[in-house]
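Chemist: Dropping a structure here in structure tokens format, bear with me for questions.
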């Protein structure tokens with residue numbers, strides 16, 4: 001059992017509360033609790049390692065986790081979905097809603113966990129906890145445009161690949177909210193600096209740029225990324241994300257497919273001064289690097305290059 005961290009809540013909009021998982025401290029991973037009438041939804045289950053903190057956050061918001069009616073996932077990477085099976089056991093009425101390409105990994109996470117273990121090694125348990133299966137009968141595979149009713153609200157699945165093939169954003173059109181997962185980028189401490197998380201295996205920057213256009217077309221009032229917190233300047237945010245995604249993709253073209261370390265250094269040499277200039281906070285440079293490590297970002301970008309090269313043969 002992992003120790004319960006400090007409970008940190010923030011009201012993002014009417015009926016929407018951000019819960020900080022306390023993963024490696026404050027301000028890295030968020031879930032969003034949506035309350036409306038008899039509906040109670042959670043966007044992102046988060047890691048299993050921070051489950052107790054998440055449950056404490058739901059209770060601090062005045063609700064019982066067993067009341068959850070929906071668990072909406074943007075994708076099934078462990079920082080977003082490892083806690084889903086545990087939540088489903090706690091909340092017997094909750095439907096777990098995910099992209100069709102991610103559904104079978106929730107029912108049987110063995111391949112997902114095997115792949116992650118090759119990356120994280122003996123740190124798996126400490127970082128992400130133990131992911132358990134979700135009963136297949138509890139999983140709803142959400143096609144693009146699927147409408148989910150949460151009390152009187154409607155949330156729509158918006159297929160947004162690029163970070164992952166199986167990625168959805170969740171759109172609340174009446175409130176002007178978009179829960180953007182990872183395709184909307186990482187932005188910590190409201191810094192004027194947005195980074196694209198580009199880990200392997202699915203990164204496709206062409207599809208990602210198209211997904212950014214889809215997010216723009218929704219004209220959100222507030223973007224709600226998982227890393228981290230409500231964005232009230234979504235146009236600027238998406239412009240900065242697009243600019244850095246294009247720059248990183250171009251930078252990767254200059255490196256041999258096996259030179260992950262070289263590309264990681266180049267990414268740091270490019271992005272760290274930009275962040276320091278934007279924030280004036282040297283500590284924030286380290287926090288960004290901890291959230292999306294450069295070696296992992298380099299691996300994803302070079303894997304994409306290799307895939308494109310094979311397709312062009």
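Residue numbers (full-length UniProt numbering): 1 to 313. Beta carbons: idealized from backbone N, C-alpha and C, even for Gly.
Taking only runs that begin and end inside the region 230-294, name each unbroken alpha helix (DSSP H) of 4 or more residues, in chain order.
Modeler: Whole alpha helix (DSSP H) segments, 4+ residues: 234-252, 260-279, 282-291.
Chemist: Below 8 angstroms, how does it come out for the region 110-122 and the region 86-93: are there three or more Cβ pairs, yes or no?
Modeler: no
Chemist: Using a Cβ-Cβ cut-off of 6 angstroms (strictly less than) and excluding sequence neighbours within five positions of residue 164, which residues of its own chain qualify?
Modeler: 75, 202
Chemist: In this structure, does DSSP put residue 315 in helix, strand or coil?
Modeler: Because the chain spans 1 through 313 in this model, residue 315 falls outside it and cannot be assessed.
Chemist: For residue 35, count neighbouring C-beta atoms within 10 Å of its own C-beta (all shown protein chains included) and say buried if the count is 16 or more, exposed if not.
Modeler: Buried, because 16 or more other Cβ atoms sit within 10 Å of the Cβ of residue 35.
Chemist: What is the DSSP secondary structure of residue 300, reduced to helix, strand or coil?
Modeler: helix
Chemist: Leaving out the 5 sequence neighbours to the left and right, which residues in its chain are closer than 8 angstroms to residue 299 when beta-carbon positions are compared?
Modeler: 199, 200, 260
Chemist: Between residue 314 and residue 312, what straight-line distance do the alpha-carbon atoms span, to the nearest angstrom?
Modeler: Residue 314 is absent from the model: the chain starts at 1 and stops at 313.
Chemist: Identify which residue in 156, 212, 152, 125 has its Cα closest to the Cα of residue 241.
Modeler: Looking at the Cα atoms, 212 is the closest of the given residues.
Chemist: List the residues that DSSP assigns as beta-bridge partners of residue 32.
Modeler: 18, 43
Chemist: Would you kindly work out how many angstroms separate the C-alpha atoms of residue 48 and residue 157, rounded to a whole number?
Modeler: Inter-residue distance for residue 48 and residue 157 is about 24 angstroms (C-alpha atoms, whole angstroms).
Chemist: With three or more C-beta pairs closer than 8 angstroms as the rule, is the region 172-191 touching the region 136-146?
Modeler: no
Chemist: Evaluate residue 52 with the Cβ neighbour count: other Cβ atoms within 10 Å of its Cβ, from every protein chain shown; 16 or more gives buried, anything less gives exposed.
Modeler: With 16 or more other CB atoms across the displayed protein chains lying within 10 angstroms of its CB, residue 52 is buried.
Chemist: Just to check my reading of the structure: residue 69 and residue 94 have Cβ atoms closer than 8 angstroms, yes? What is that Cβ distance to the nearest angstrom?
Modeler: 6 angstroms
Chemist: Please state whether DSSP places residue 181 in a helix, a strand or coil.
Modeler: strand
Chemist: Please classify residue 167: does DSSP put it in a helix, a strand, or coil?
Modeler: The answer is coil: DSSP assigns residue 167 none of H, G, I, E or B.
Chemist: By the three-class DSSP mapping on this structure, what secondary structure does residue 315 have?
Modeler: Residue 315 cannot be examined here, being either before or after the span of the chain that is shown, 1 to 313.
Chemist: Return helix, strand or coil for residue 157, following the three-state DSSP convention.
Modeler: strand
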